[in-house]
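Its first residue numbered 64, the sequence shown is counted upward by one per residue in my numbering.
Ideal Cβ positions, reconstructed from N, Cα and C, are used throughout, including at glycine.
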Amino acid sequence: MMSSVYRRISIDGFLEAYLDQPDRFQNPKASVVICSTQRSGSYLLCRLLTNAGIGIPTEYFHDRMQAALTDRWCQEAIPINDPLSYVDALIRRRTTANGLWAAKVQWWQLMTEERTPYRDALLDRLGENVKFIYLTRMDKVAQAVSLYVAQTTGVWDSQGIETTQPGPQWSGNIAGVLSCIKWIENNEASWRKWFSSQGITPMEITYENLVANQPEYIEKIADLMRLSESEWTRQPPESGLARLEKGGVDSRKRLISETKSYLSYLTHGRFF
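Encoded structure:
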């Protein structure tokens, strides 16, 4: 079934109360965790899955989002810094009517040593039926430039909404981009190491393939979760993916080109 109503949910929009579900005390019948790196199209995937009725994935373990949801869902019911209570509330309030639950996770939000209690609480609650998606981006330079611009402008949202305090002023700094490349590569290496240690073979999706084949990948995820046709809703691809960029599209393209040329010089001894 194809739906004509598509909600282009902003990052903070995933925190809105209208997405909260009636309390569901049983475990979800199917769940999926999106394991991503920044600027890999992960919120595009979250919007596509939410509109398809395949859970309501977002960064539930980002400290800002966790604090906002804990505050709304009542401090007495979810004591601060209580992993078991928070995970229980997530399952109860964000499992959809068709029994599906989903989340998006960046490495440091759940997989570092200090976040172990939250990770253990979540994985214990979801059990063996949880599926994992590993989302990456092939063009690491473009990804790093996008990350660098987001850090310096505070604009992480596809709709141009400022969601964090801006960092140092945007300056088209290659050194800043190279630092972001290293950060992305380190996070990817950490994900791969964790998958290997847990014997997990995730579904791998790249940003480039997702953007080009949105309906195909949502269907693949539905198949991964063993959902019947009646348990999810087919959606048209999201249009207008061009981002409202602070810093300017031309400046961004120039920085991508300059960074790639610099890396070519380091590798081959010549600029391209």
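G190 classed as buried or exposed, judged by whether at least 16 other C-beta atoms fall within 10 angstroms = exposed
Hey, which unbroken runs of the alpha helix (DSSP H) at 4 residues or more fall wholly within the region 139-173?
-> 146-157 and 170-173
Given L147, which residues of its chain have a CB within under 6 angstroms of its CB, disregarding the five upstream and five downstream residues?
-> A184
From D134, A160 and C98, pick the residue whose C-alpha is nearest to that of W257; which is it?
-> C98
Let me know if R70 comes out buried or exposed under the rule of 16 or more other beta-carbons within 10 Å of its beta-carbon.
-> exposed
Out of curiosity, what's the CA-to-CA distance linking D134 and W246?
-> 31 angstroms
Beta-carbon separation of I117 and A160 under 9 angstroms?
-> no
List the endpoints of the continuous beta strand (DSSP E) containing Y197.
-> K194 to T199
Under 9 angstroms between the Cβ atoms of L163 and L290?
-> yes
Identify the residues that DSSP records as bridge partners of I268: which are they?
-> L198
Would you mind giving the Cβ-Cβ distance between S105 and K167, rounded to the nearest angstrom? I have them listed as a contact below 8 angstroms.
-> 5 angstroms
Identify which residue in I319, D75, F124 and C137 has its Cα closest to the Cα of E177.
-> F124
Cβ of L78 within 9 angstroms of Cβ of L132?
-> yes
Alpha helix (DSSP H) segment containing V68, residue limits = Element bounds for V68: n/a, residue is neither H nor E.
Between F195 and A93, what straight-line distance do the alpha-carbon atoms span, to the nearest angstrom?
-> 11 angstroms
Entirely within the region 86-133 and at least 4 residues each: give me those alpha helix (DSSP H) ranges in chain order.
-> 105-115
For R178, which three-state DSSP category applies?
-> helix
With DSSP run on the structure shown, which of helix, strand or coil describes R289?
-> coil
CA nearest to the CA of R317, picked from S260, V208, W295 and M288 | V208
Please report how far the alpha carbon of L198 lies from the alpha carbon of T296, in whole angstroms.
-> 22 angstroms
Are the Cβ atoms of Q84 and R155 separated by less than 9 angstroms?
-> yes
Would T351 pass as a contact of I72 if the rule is Cβ separation under 9 angstroms?
-> In this structure the chain extends from 64 to 335, so residue 351 is not present and cannot be described.
Based on Cα-Cα distance, which residue from V274, A275, T269 and V193 lies nearest to Q261?
-> V193
What is the residue span of the alpha helix (DSSP H) that C137 lies within?
-> Neither: C137 is in no alpha helix (DSSP H) and is coded neither H nor E.
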